[in-house]
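Let me begin by presenting the structure, written as C-alpha cells, before commenting on it.
Numbering (mature numbering (1 follows the signal peptide of the UniProt record, and there is no 0)), first residue to last: -17 to -1, 1 to 177.
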C-alpha cells in the first residue's frame, strides 16, 4: 500500500477563464487528455504513466469513485507538467465547474475532495442531505450556505473572487451541517476564516 501523502490546497489564482484539462503521458510517448471526471480510470489502458499536465484544479485518487486522495494539482490557465509516476491512480476529477469562469459551488462528501460531489450552478439549492466536508468555488459569486434545508438555520458566507480564483477548502465551519445553498451573501451573514 502506498503511503498517503499530505494534501495541502491553497487558493489558486486564475487570471482568466479556463476549461479545465488534464493530460497523462506514458513511457511509450502516448498521451490521454480529459475534460471530465473519471470515476474508474482502470478502464483505460494508460500503460505506465510517467508525466501529467494540467490546467485548472485536479485531484488524482488511489481508489475508484474518488476515494483516497493520491495528490492534487492546482494551477492556473497554462498547462503545467510534472514528471510523476502515477500508474496506481484509479480515478481523477477537476474541482468546481469545468469552466473556471462559470459561477458555481461544488460540495464533496469527504475531506480532501473525496467521495460524491454535488455541483450547484443555479441561484439556489435547498435540499442537501448528504454530509459535506469540502468545497470548491468557481467564478466570482459569493455563496451562502445554511445549516438547514430550504435556507433555514445558521448561515455562513463563502467568497468567490472577482479575479477568477478557484477557491478550495476542507471545511472549517461553525455550521453543524450544510442543508442548502444560495448564490450571494448578505452583510449579516458570517464570513468564513478560510
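For each residue, glycine too, the CB sits at the ideal point set by N, CA and C.
Exercise. Could you check which residue in 46, 128 and 3 has the C-alpha nearest to that of residue 163?
Key: One-based indexing of the chain shown puts residue 163 at position 180. The option with the nearest alpha carbon to residue 163 is 128.
Quiz item: Are there 16 or more other CB atoms within 10 angstroms of the CB of residue 121, so buried, or fewer, so exposed?
Solution: Numbered from 1 along the chain shown, position 138 holds the residue referred to as residue 121. When all chains shown are included, residue 121 counts as buried.
Quiz item: Helix, strand or coil for residue 185 per DSSP?
Solution: For residue 185 there is no data in the structure shown, the boundaries of the chain being -17 and 177.
Self-check item: Nonlocal neighbours in the same chain, by C-beta distance under 7 Å from residue 135, ignoring five residues either side
Solution: Within the chain shown, numbered from 1, the residue matching residue 135 stands at position 152. Here the set comprises 129.
Self-check item: Close beta carbons around residue 10, own chain, < 7 Å, minus the five adjacent residues each side
Solution: Taking the first residue of the chain shown as 1, we reach residue 10 at position 27. The residues are 30, 31 and 33.
Quiz item: When DSSP labels each residue in this structure, what does residue 152 get in the three-state scheme?
Solution: For the purposes of this step, residue 152 is taken as residue 169 along the chain shown, with counting starting at 1. Three-state result, residue 152: strand.
Quiz item: What is the DSSP secondary structure of residue 95, counted as helix, strand or coil?
Solution: Sequence index remark: in the chain shown, residue 95 carries index 112 (1-based). Three-state result, residue 95: helix.
Quiz item: Along the chain, where does the beta strand (DSSP E) that runs through residue 49 open and close?
Solution: Within the chain shown, the letter at position 66 stands for residue 49. Neither: residue 49 is in no beta strand (DSSP E) and is coded neither H nor E.
Quiz item: Is the region 86 to 103 close to the region 62 to 75, with three or more CB pairs under 8 Å?
Solution: no
Practice problem: Could you work out which residue in 35, 2 and 23 is closest to residue 13 when comparing CA atoms only? | Solution: As a first step, residue 13 must be located in the chain shown, where it is residue number 30. Of the candidates 35, 2 and 23, the one whose C-alpha sits nearest the C-alpha of residue 13 is 35.
Practice problem: Assign residue 169 to one of two classes, buried (16 or more other C-beta atoms within 10 Å of its C-beta) or exposed (fewer than that). | Solution: Walking along the chain shown from the start, residue 169 turns up at place 186. Residue 169 comes out exposed.
Practice problem: For residue -12, collect the residues of the same chain with a Cβ closer than 8 Å to its Cβ; drop the 5 residues on either side in sequence, then sort them by chain order. | Solution: Translated into the one-based positions of the chain shown, residue -12 becomes position 6. The predicted model places residue -12 with a pLDDT of 39, which falls under 50 and marks its position as unreliable; any figure quoted below should be read in that light. Closer than 8 Å at the Cβ level, and outside the excluded window around residue -12, lies no residue.
Quiz prompt | Where residue 65 sits in the DSSP three-state scheme | solution = Counting from 1 along the chain shown, the entry for residue 65 is found at position 82. Note: residue 65 maps to strand in three-state DSSP.
Practice problem: Taking only heavy atoms of the ligand GTP into account, decide whether any of them is closer than 7 Å to the Cβ of residue 24. | Solution: As for the ligand GTP, it is missing from this structure, which has no ligand bound.
Quiz prompt | For residue 39 and residue 2, the rounded distance between their alpha carbons | solution = Stepping through the chain shown from its first residue, residue 2 is reached at position 19. Stepping through the chain shown from its first residue, residue 39 is reached at position 56. Whole-angstrom Cα-Cα distance: 7 Å.
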